[in-house]
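Engineer: Take this structure first; my questions come after.
In full-length UniProt numbering, the protein residues as written are 1 to 262.
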């Protein structure tokens, strides 16, 4: 598995990158759609997932060869001392390699030979993405809306005989907005305006925004604008920089020097 943020190769059991601490996303080998651990089938293409096939076969083999028997309860053991040349995570007690900055199992920052982590550093490291600021988001939104306005004027004029279905210009512009934002956010995590500023839209866990969620997020931006723009403005005052439509659709906007999903 490869970390999407820094490109470091991770072990098969790793849940977090040992270099940057970012969560590692499991992807379907057929269509590259992210999936949660324990999932049996891809939500997009329906293919059986490697973990599900392996775990199912292992469970059947264990059930046949070793019938489940009740085991006597034993007292909990204290975590063992880390092996030489390794760092023990203070949170989950997994042994990590000596050059690891973050625990591969839980993402806890590691520091020093004993694996002790600074509590002041931990929150920032666990949420290592740089959030896009309000003004960056505003400039990107204005650029996108200029493009949408131009496209709406051209297409509305071209279909003025009737194919617009009698829609008012503002309704036609809203329709163009849906056609513009939805596929770009779902497939590229950004738009033309956002890409100029290195701004990307992702889920709060860092995974890709799906097509359906991108569609409803675009609808939710209309709500943010209807209430006198307060839905957009709240991103300037929240610590997580999320607007109303981000809160509704479980998304956040980050700033990065490269596209999150390649």
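Beta carbons: idealized from backbone N, C-alpha and C, even for Gly.
Only a predicted model underlies this, so the values are computations on that prediction, with no experimental measurement involved.
1) Under 8 Å Cβ to Cβ from residue 41, same chain only, skipping five residues before and after it: list those, please.
2) Once DSSP output is grouped into helix, strand and coil, what is the label at residue 253?
3) Out of curiosity, what's the CA-to-CA distance linking residue 32 and residue 234?
4) Pairing CB atoms from the region 242-252 with CB atoms from the region 143-156, are three or more of them under 8 Å?
5) By a C-beta neighbour count over all protein chains shown, 10 Å radius and 16 as the cutoff for buried, is residue 98 buried or exposed?
6) Could you spell out where the beta strand (DSSP E) holding residue 49 opens and where it closes?
7) Taking the alpha carbon of residue 258 as the point to measure from, which residue in 103, 197, 39, 96 has its own alpha carbon closest?
8) Exposed or buried, residue 117, counting other C-beta atoms within 10 Å across all chains shown (16 or more means buried)?
9) What's the call for residue 211, buried or exposed, on a 16-neighbour Cβ count within 10 Å?
10) Quick one: what's got a C-beta closer than 6 Å to residue 191's C-beta in the same chain, skipping five residues either side?
11) Using a Cβ-Cβ cutoff of less than 7 Å, which residues in the same chain neighbour residue 132 once the five nearest sequence positions on both sides are dropped?
12) Output needed for residue 140: all residues of its chain with C-beta closer than 6 Å, excluding positions within five of it in sequence on either side, in chain order.
13) Does DSSP classify residue 15 as helix, strand or coil?
14) State the start and end residues of the unbroken beta strand (DSSP E) segment that holds residue 88.
15) Which of the three DSSP states is assigned to residue 97 in this structure?
16) Residues bridged to residue 203 by DSSP?
17) Can you tell me whether residue 222 is buried or exposed, with buried defined as 16 or more other CB within 10 angstroms of its CB?
18) Give a yes or no on whether the C-beta atoms belonging to residue 96 and residue 106 are separated by under 7 Å.
19) Quick one: what does DSSP say residue 34 is sitting in, helix, strand or coil?
20) May I have the straight-line CA-CA distance separating residue 25 from residue 34, to the nearest angstrom?
21) Got a sec? Which residues, its chain only, sit under 8 Å from residue 147 by beta carbon, not counting five neighbours each side?
22) Who does residue 130 pair with in a DSSP beta bridge?
23) Have a look at 230, 209, 177, 239 and flag the residue whose alpha-carbon is nearest the alpha-carbon of residue 218.
24) Less than 7 Å between the beta carbons of residue 251 and residue 201, yes or no?
25) Taking all protein chains shown into account, do 16 or more other C-beta atoms lie within 10 angstroms of the C-beta of residue 17, making it buried, or fewer, making it exposed?
26) Is residue 237 buried or exposed, if buried means 16 or more other CB atoms sit within 10 Å of its CB?
27) Helix, strand or coil: which one does DSSP assign to residue 40?
28) Hey, residue 214 and residue 182: beta-carbon distance below 7 Å or not?
Structural biologist: Answer, in terms of the structure:
1) Sequence index remark: in the chain shown, residue 41 carries index 41 (1-based). Closer than 8 Å at Cβ, skipping near neighbours: 47, 48, 49, 52.
2) Here residue 253 refers to the residue found at position 253 when the chain shown is read from its first residue. Three-state result, residue 253: strand.
3) For the purposes of this step, residue 32 is taken as the residue at position 32 of the chain shown. For the purposes of this step, residue 234 is taken as the residue at position 234 of the chain shown. So the two alpha carbons sit approximately 34 Å from each other.
4) Because the criterion of three Cβ pairs below 8 Å is not met, the region 242-252 and the region 143-156 do not touch.
5) Residue mapping note: residue 98 aligns to position 98 of the chain shown, counting from 1. The residue is exposed, with fewer than 16 neighbouring Cβ atoms inside 10 Å.
6) One-based indexing of the chain shown puts residue 49 at position 49. For residue 49, no beta strand (DSSP E) segment is defined, and its DSSP state is neither H nor E.
7) For the purposes of this step, residue 258 is identified with residue 258 of the chain shown, where counting begins at 1. Here the closest residue by C-alpha is 197.
8) As a working mapping, residue 117 is identified with position 117 in the chain shown. The predicted model places residue 117 with a pLDDT of 40, which falls under 50 and marks its position as unreliable; any figure quoted below should be read in that light. With 16 or more other Cβ atoms within 10 Å, it is buried.
9) Here residue 211 refers to the residue found at position 211 of the chain shown. Exposed is the call here.
10) Residue mapping note: residue 191 aligns to position 191 of the chain shown, counting from 1. Closer than 6 Å at Cβ, skipping near neighbours: 144, 184.
11) Mapped onto the chain shown, residue 132 falls at position 132. Result list for residue 132: 199, 241, 253, 254, 255, in chain order.
12) For the purposes of this step, residue 140 is taken as residue 140 along the chain shown, with counting starting at 1. Closer than 6 Å at Cβ, skipping near neighbours: 193, 194, 197, 199.
13) Sequence index remark: in the chain shown, residue 15 carries index 15 (1-based). In the three-state reduction of the DSSP assignment, residue 15 falls in the coil class, being assigned neither a helical nor a strand state.
14) Taking the first residue of the chain shown as position 1, residue 88 is located at position 88. Its beta strand (DSSP E) spans residues 86-88.
15) Here residue 97 refers to the residue found at position 97 of the chain shown. In this structure, residue 97 counts as strand in the three-state DSSP scheme.
16) Within the chain shown, numbered from 1, the residue matching residue 203 stands at position 203. The partner list for residue 203 (beta bridge, DSSP) reads 251.
17) Looking up residue 222 in the chain shown gives position 222. It counts as exposed.
18) Position 96 of the chain shown holds residue 96. Position 106 of the chain shown holds residue 106. In this structure, residue 106 does not lie closer than 7 Å to residue 96 by Cβ.
19) Along the chain shown, read from residue 1 onward, the residue named residue 34 stands at position 34. DSSP places residue 34 in strand when its eight states are reduced to three.
20) Start at 1 with the first residue of the chain shown, and residue 25 comes out as number 25. Start at 1 with the first residue of the chain shown, and residue 34 comes out as number 34. Using only the alpha carbons, I get a separation of about 6 Å.
21) Stepping through the chain shown from its first residue, residue 147 is reached at position 147. Result list for residue 147: 180, 192, 193, in chain order.
22) Numbered from 1 along the chain shown, position 130 holds the residue referred to as residue 130. In the DSSP output, where bridge partners are listed per residue, residue 130 has 255.
23) In the chain shown, the residue the question calls residue 218 occupies position 218. Comparing Cα positions, the closest option is 177.
24) Translated into the one-based positions of the chain shown, residue 251 becomes position 251. Translated into the one-based positions of the chain shown, residue 201 becomes position 201. Residue 251 is a Cβ neighbour of residue 201, given a cutoff of 7 Å.
25) Here residue 17 refers to the residue found at position 17 when the chain shown is read from its first residue. By the neighbour-count definition (other C-beta atoms within 10 Å, threshold 16), residue 17 is a buried residue.
26) Stepping through the chain shown from its first residue, residue 237 is reached at position 237. Exposed: under 16 other Cβ atoms inside 10 Å.
27) If you number the chain shown from 1, residue 40 lands on position 40. Coil at residue 40, not helix or strand.
28) Taking the first residue of the chain shown as position 1, residue 214 is located at position 214. Taking the first residue of the chain shown as position 1, residue 182 is located at position 182. For residue 214 and residue 182, yes; Cβs fall inside 7 Å.
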